[in-house]
Amino acid sequence: MSAWETVIGLEIHVQLATKTKIFSGASTAFGAEPNSHASLIDLALPGTLPALNREAVNMAAKFGLAIGAEINRRSIFERKNYFYPDLPKGYQTTQLAEPIVGAGNFEIVLDDGSRKIVRIHHAHLEEDAGKSLHEDFHGMTGIDLNRAGTPLIEVVTEPDMRSAEEAVAFARALHSLVSAIGICDGDMSQGSLRFDVNISMRRKGEEKLGTRTETKNLNSFRFMEMAIRKEVERQIDILEDGGSIIQETRLFNGDTGESRSMRSKEDANDYRYFPCPDMLPVVLTEAQLVELKNSLPELPQQRQGRFIEQYGLSDYDARILSADLATSDYFEAVTKQSGDAKMAANWIMGELAAKLNAEEKTIADCPVSAAHLAELIARLKDNTISSKIAKQVFEGCWNGEGSPDQVIEARGLKQVSDTGELQKMVDQVIADNASQAQAYRDADEIKRTKMFGFFVGQAMKASRGKANPQQLNELLQKALNS
Amino acid sequence: MAIDQDTVLQVAHLARLHVSTEQSAALAGRLNDILNLVDQLQQADVDHIAPLAHPLDADQPLRDDVVEPADFRDRVLPLAPASEGSCFLVPRVIE
Amino acid sequence: MTLHQLSLTELKSLLDDGKVSARELTDHFLARIEKLDGELNSFITVTAEQARREADAADAARSQGKAGLLNGLPIAHKDIFCTDGVRTSCASRMLDNFISPYDATVVERMRNAGAVMLGKTNMDEFAMGSSNETSFYGPVKNPWDLSRVPGGSSGGSAAAIAGRLVPAATGTDTGGSIRQPAALNGITGLKPTYGSISRWGAVAFASSLDQAGPMAKTAADCALMLQTMVGHDIKDATSVDRPADNYLANLDKPLAGLTVGLPEEFFPATLDDRIATLAREAARELERQGAKVVSVSLPSIGLSVPAYYVIAPAEASSNMSRFDGVRYGYRCQDPVDLMDLYKRSRSEGFGAEVQRRILIGTYALSHGYYDAYYVRAQKVRRLVRDDFVRAFEKVDVILGPTTPELAFPLGAKKNAPLTMYMTDIFTIAANLAGLPALSMPAGMIDQLPVGVQLIGNYFREGQLLNVAHRYQQATDWHRQAPAFGGE
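Residue numbers (the working numbering), protein chains in the order written: chain A, 9 to 490; chain B, 7 to 101; chain C, 514 to 1000.
Structure, rendered in structure tokens:
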């Protein structure tokens, strides 16, 4: 295995979050009855012509601006000619020689914190095809053109990735970016992002690229990772047996874990690209680009850096909390209102994340508002409650019992910190456990450390957990050691 | 540049037209006549000329992203050679 | 004079003066079509009931003072324009059963102006042809001589007008398909500047060359129709956003100060002497009216036919891909699998000429040949365009014969398709350059009409109509009618 180097390039199809299709005013809304969102243009009726959606152009440009890539002020749509039932015109309108976004660099951060640049070759605008439905049509295939004409940008990378891990890191970062800048809804289950993976192998140290295969249409990070591992294994097996890799397109079935070849060499297509004569050059002015750039929100990477500087967070914490806008906003609100970034970070990444995961909720559905979490943190800081009790308060807020103060009041969870009261408690505990107290006084240092916990436990029980732990410890120490 | 029968068959396949081997010979002849006409283009001195894709010197106009109703099923499905529910039907496609 | 001998403009006067109703006109022409079109075969679909309803509606609108520019005027549309609820076949088996669910912009605009559609006219299949012999519905005959072709691809529209079955009709012109049949039928036809008229709903043949246009007896008639047809359409990105000229107001402008160019390339030694003579006589008539006639040169024009026969088939090969038997139109019987469905539907649905052009176009775009053919042809296109730009620095309009030969016998060019392509030799260049061009009747030879072509600078169709109108006021070639159909 270590004799081989994996070389991976990705082509990612990103569905743009426009309201209408790229060339027609039909809605892009998901889940409608078949062919109810298909205009005459989408159905490719004779005599129909494309009308380009301004927002699709703007979104593509925004992507280029967000990654600091070249933006081609003048780009051309071309026709990619091939026959397939979900491609109603018999060609896909796309871009080839002059795409809207040129070369750029995309930084990814791997799990170990190291960074890597993946070069973007270009990104271009194109239209999505319809859907072929193979079930429910008794041996025939049903064609639904609702998706036909949905705007896509296809982001093409250079073959810069060297492992499934790097490819997944890139895919996640891209997903995060396109969601953050609002050009894609990021809903993988609806196919908003689809990955084609180009994989080739070469011996370590070899400069020349091996023959690559393309695995198409992976629609989850998990499937992509599985597909890559499977294909690397398959290629190494062949190469080590002395065989050679056939350049082909493959499909990966995430459920079975199997991959297979999709198209044989005979059907290798000649797409006969030529500039679409129904369209004119798409031109962007400097003024438009400035406006688009100014409309970009803070990007995850910028935010990550800011979190480290502004709040003193660790690399890891900053990365997690800056990954999506909703989480970032929540974190910053809690920090602002509680005054403690570290505690906010710990609670959000700890208790909050655990409960969200367990109930399959996103932070948008979090029943504990930022204000409430901030209040909880404030009560911890001002010693109204101990950290153990805080978990109970958090539960209460989560279950809709009200704000932390309301929960503390209602459940009587205020920490007992009154020295007088605590002293009474300590005295009572020692009195109730006189023999153990004597045993403690007779014991050596080491034994004492072990036995001390018993008294803490008794006191906590007596106070129903509300004793201020630090004060209790102090008072117990004093009482036992006197 | 002359086309032979094999090329005719390949091109016909790309264009999804059925051409039999018998037909391909005659067709090659007809197409070569046209290509002879067209080969006059090779004599043109166009080294420093840019292609003219459009007589108009204009840029692509842009449309606002506003939804228009697009449910033409009751006009279009009746035109379909085969349909079921609201889908167009074709012989089973195997990928 | 009987109604069908009158021009569109004259009929409009009658309607405006209340001397005839729209319904009377419609009934009159429908009767002629019924009686005579069996011989001409110029119509694919006659929409008699709908026409009568539209005529009645036009009369009602007029009585309420709401008459549009074309109110009550009977016209026909080339069967390449989509018409809502009416078969739109493009003269192909592929669309024989296609009832369009929408109107082309041209159709909508003319209807909104009050025009009455009598039906859809025959044409070469998918506009690919110059003789109207490739139609699935059989060839159209030339009313001047029923054994001869009317030209194409707008042969049905031209023959119907010349045969006095309809006073005017729409056509489309990609390489001469309005002008050449106009010339062979002794009528007037105009292809305006590319982008003037919306292509929305006009089934695409070669997208960067196609333009719709009016066909009628006179330039004034064409101006009337053009006024309604021209306009920006946001549904067609290639349509020009500029205010329409007033074509009618400028028809009578005197020709003093006009410079007319005669390109030497339009008068080659091989050209039929008689046709050359008639063209020169037309130029002399313009001189008599105050124009100056000079010689110009368009050196690259000889390459326009080869360039066209790469560009047009290439674009067509892609435009024809949507006809796949899946969503509408012809599907073969019992397809075994998808490949069978595609290949048989297309091979059975398309005629031989369409298939040939698809093959040439596919080849020209294919890997390895794209640069040598398609890109090179687009470069030659620029050369041709630049020739005109230079010529128009010297002259206002260019004049020459529309076509190098008279209407030829049906079937004469069946085994010599290249000779068919060469009939477009004078018309093709204007499509490549996107310039406006018109054909007007300018004489007769052997009792067959001869047309003369005027080419203008960008957006100067108004000037072309003016020149043609002034010519027609001093001559009467445009008033000649064939014996066909009687008085």
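Glycine included, C-beta positions come from ideal geometry on N, C-alpha and C.
Identify whether residue i lies in helix, strand or coil by the three-state DSSP scheme.
i	result
residue 252(A)	coil
residue 409(A)	coil
residue 68(B)	coil
residue 975(C)	helix
residue 16(A)	strand
residue 649(C)	coil
residue 982(C)	helix
residue 53(A)	coil
residue 104(A)	coil
residue 21(A)	strand
residue 402(A)	helix
residue 274(A)	With a pLDDT of only 47 at residue 274(A), under the threshold of 50, the placement of this residue in the model should not be trusted; the figure read from the coordinates follows. Reduced to three states, the DSSP call for residue 274(A) is helix.
residue 128(A)	strand
residue 396(A)	helix
residue 832(C)	helix
residue 517(C)	helix
So, are the CB atoms of residue i and residue j less than 8 Å apart?
i	j	result
residue 327(A)	residue 345(A)	no
residue 267(A)	residue 235(A)	yes
residue 843(C)	residue 862(C)	yes
residue 219(A)	residue 239(A)	no
residue 155(A)	residue 137(A)	yes
residue 748(C)	residue 618(C)	yes
residue 182(A)	residue 23(A)	no
residue 727(C)	residue 739(C)	yes
residue 636(C)	residue 668(C)	yes
residue 62(B)	residue 620(C)	no
By the DSSP assignment, the alpha helix (DSSP H) with residue i in it spans what residues?
i	result
residue 325(A)	323 to 330
residue 774(C)	That residue, residue 774(C), is in no alpha helix (DSSP H); its beta strand (DSSP E) goes 772 to 776.
residue 385(A)	378 to 389
residue 203(A)	Taken as a continuous stretch (DSSP letters only), residue 203(A) belongs to no alpha helix (DSSP H), being part of the beta strand (DSSP E) at 201 to 211.
residue 22(B)	Residue 22(B) -> no alpha helix (DSSP H), and no H or E assigned at all.
residue 551(C)	535 to 553
residue 364(A)	361 to 366
residue 478(A)	477 to 489
Can you name, in chain order, every residue of its own chain whose Cβ lies under 7 Å from the Cβ of residue i, other than the five neighbours on each side?
i	result
residue 80(B)	none
residue 908(C)	772, 773, 774, 807 and 809
residue 1056(C)	The first residue shown for chain C is 514 and the last is 1000, placing residue 1056(C) beyond what the model contains.
residue 823(C)	877, 886, 887 and 890
residue 130(A)	107, 109, 110, 111 and 164
residue 486(A)	none
residue 274(A)	In this prediction, residue 274(A) has a pLDDT of 47, which is less than 50 and means its spatial position is unreliable; nothing more can be read from the coordinates.
Under 6 Å Cβ to Cβ from residue i, same chain only, skipping five residues before and after it: list those, please.
i	result
residue 541(C)	516
residue 614(C)	none
residue 94(B)	86
In chain B, which residues lie with their C-beta within 7 Å of the C-beta of residue i?
i	result
residue 850(C)	97
residue 888(C)	57
By the criterion of Cβ-Cβ separation under 9 Å, what are the contact partners of residue i in chain C?
i	result
residue 539(A)	Here chain A has residues from 9 to 490 only, and residue 539(A) is not among them.
residue 62(A)	Chain C residues near residue 62(A): none, gap ~12 Å exceeds 9 Å.
Could you spell out where the beta strand (DSSP E) holding residue i opens and where it closes?
i	result
residue 154(A)	Premise fails: residue 154(A) is in no beta strand (DSSP E) and is neither H nor E.
residue 223(A)	221 to 226
residue 54(B)	Segment: none, residue 54(B) is in no beta strand (DSSP E) and carries neither H nor E.
Using a Cβ cut-off of 9 Å, pull out every chain A residue sitting near residue i, in sequence order please.
i	result
residue 880(C)	278, 279 and 280
residue 1063(C)	Absent from the structure is residue 1063(C), since the part of chain C shown begins at 514 and ends at 1000.
Less than 8 Å between C-beta atoms, sequence neighbours within five positions excluded: which residues of the same chain meet that for residue i?
i	result
residue 204(A)	18, 19, 20, 21, 222, 223, 224, 225 and 226
residue 148(A)	none
For residue i, which residues in chain C fall below 7 Å Cβ to Cβ?
i	result
residue 72(B)	Within chain C, no residue comes near residue 72(B); the closest Cβ sits about 12 Å away, beyond 7 Å.
residue 98(A)	834, 835 and 837
residue 285(A)	720, 721 and 828
At 8 Å on the CB atoms, spell out the chain B contacts of residue i, in chain order.
i	result
residue 27(A)	71, 72 and 73
residue 151(A)	93, 94, 95 and 96
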